[in-house]
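Report on the structure given below.
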Amino acid sequence: YPAGQTCCGQPAWNSGYRREAAAAARHFIEVFEGAEVIVCPSGSCVHMVRHHYPELFEDDPAMAAKARAVAANTFEFTQYLVDVLGVTDTESRFSGSVTYHDSCHLSRGLGIAMQPRTLLGNVRGLKLIEMRDSDTCCGFGGTFSVNYPEISTAMVDEKIENILATGADGVVGCDISCLMNIEGRLTRRGEKVKVLHIAEILAGLRGGDQ
2 YPAGQTCCGQ
12 PAWNSGYRRE
22 AAAAARHFIE
32 VFEGAEVIVC
42 PSGSCVHMVR
52 HHYPELFEDD
62 PAMAAKARAV
72 AANTFEFTQY
82 LVDVLGVTDT
92 ESRFSGSVTY
102 HDSCHLSRGL
112 GIAMQPRTLL
122 GNVRGLKLIE
132 MRDSDTCCGF
142 GGTFSVNYPE
152 ISTAMVDEKI
162 ENILATGADG
172 VVGCDISCLM
182 NIEGRLTRRG
192 EKVKVLHIAE
202 ILAGLRGGDQ
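Position one of the sequence shown corresponds to residue 2 (my numbering), numbered consecutively onward.
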């Protein structure tokens, strides 16, 4: 676990600050370029590294080569477990029902949708209830929620209504930014639904049996 790691630079990139995004990306590459495998619990960060790092350094062949190498070794958490290691059952236990939120960069950007469901489907004691429009954006979108708060709130409220309609005890996702947005709105509305990253389920944390 490299202690010197920082943000991947996606907020700067999304806001149009290419120079600042490149500085963050350069640091990320310097920290991780010696790693054989880089596993990240965030689809949006993985999407940034894979799809935009090489583009950031298109005028610097040496850095572009390093960016491509790091990108090739970077995997989202559930993707690495299922597609690379071939692990579909972590022998985890969880008491209760959950629904699953497909985050935008994970599902549409990286094409990862069945991997987390496969892992959740093999958790003992867990009942997975699919929500309506599970792949609809939660309204966070990084700076989108800051620049367009009314639209963002309407989007997350729609997401929450779909979550509540399932009757599930909790909602699970693979991107902490989405989960923070959903949990914040649930809290403000006084709802009692648990919000969990899939790693917490697989590790038997926060409501599951060890």
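Backbone N, C-alpha and C define an ideal beta-carbon position, used for all residues, glycine too.
Nearest-angstrom Cα distance between Arg69 and Cys46? Going from the Cα of Arg69 to the Cα of Cys46 covers about 15 angstroms.
Considering Gly185, what are the terminal residues of the alpha helix (DSSP H) in which it resides? For Gly185, the enclosing alpha helix (DSSP H) begins and ends at Ile177 to Arg190.
So what does DSSP say about Lys195, is it helix, strand or coil? Lys195 falls in the strand class under three-state DSSP.
With DSSP as the reference, label Thr75 as helix, strand or coil. In this structure, Thr75 counts as strand in the three-state DSSP scheme.
Taking the alpha-carbon of Ala36 as reference, which of Pro3, Glu59 and His48 has the nearest alpha-carbon? Distances from the alpha-carbon of Ala36 to those of Pro3, Glu59 and His48 put Pro3 closest.
For the beta strand (DSSP E) that Phe95 lies in, which residues bound it at each end? For Phe95, the uninterrupted beta strand (DSSP E) segment begins and ends at Arg94 to Tyr101.
Element boundaries [beta strand (DSSP E), containing Leu129]: Segment Arg125 to Leu129, the beta strand (DSSP E) holding Leu129.
When the Cβ atoms of the segment 114 to 133 are set against those of the segment 91 to 104, are three or more pairs found closer than 8 angstroms? Between the segment 114 to 133 and the segment 91 to 104 there are three or more C-beta pairs closer than 8 angstroms, enough to call the two in contact.
Please classify Ala200: does DSSP put it in a helix, a strand, or coil? Helix, per DSSP.
Classify Glu77 as buried or exposed, calling it buried when 16 or more other Cβ atoms lie within 10 Å of its own Cβ. Classification of Glu77: buried, given that the 10 Å Cβ count is 16 or more.
Can you give me the start and stop residues for the alpha helix (DSSP H) that Gly44 sits inside? From DSSP, the alpha helix (DSSP H) with Gly44 extends over Gly44 to Leu57.
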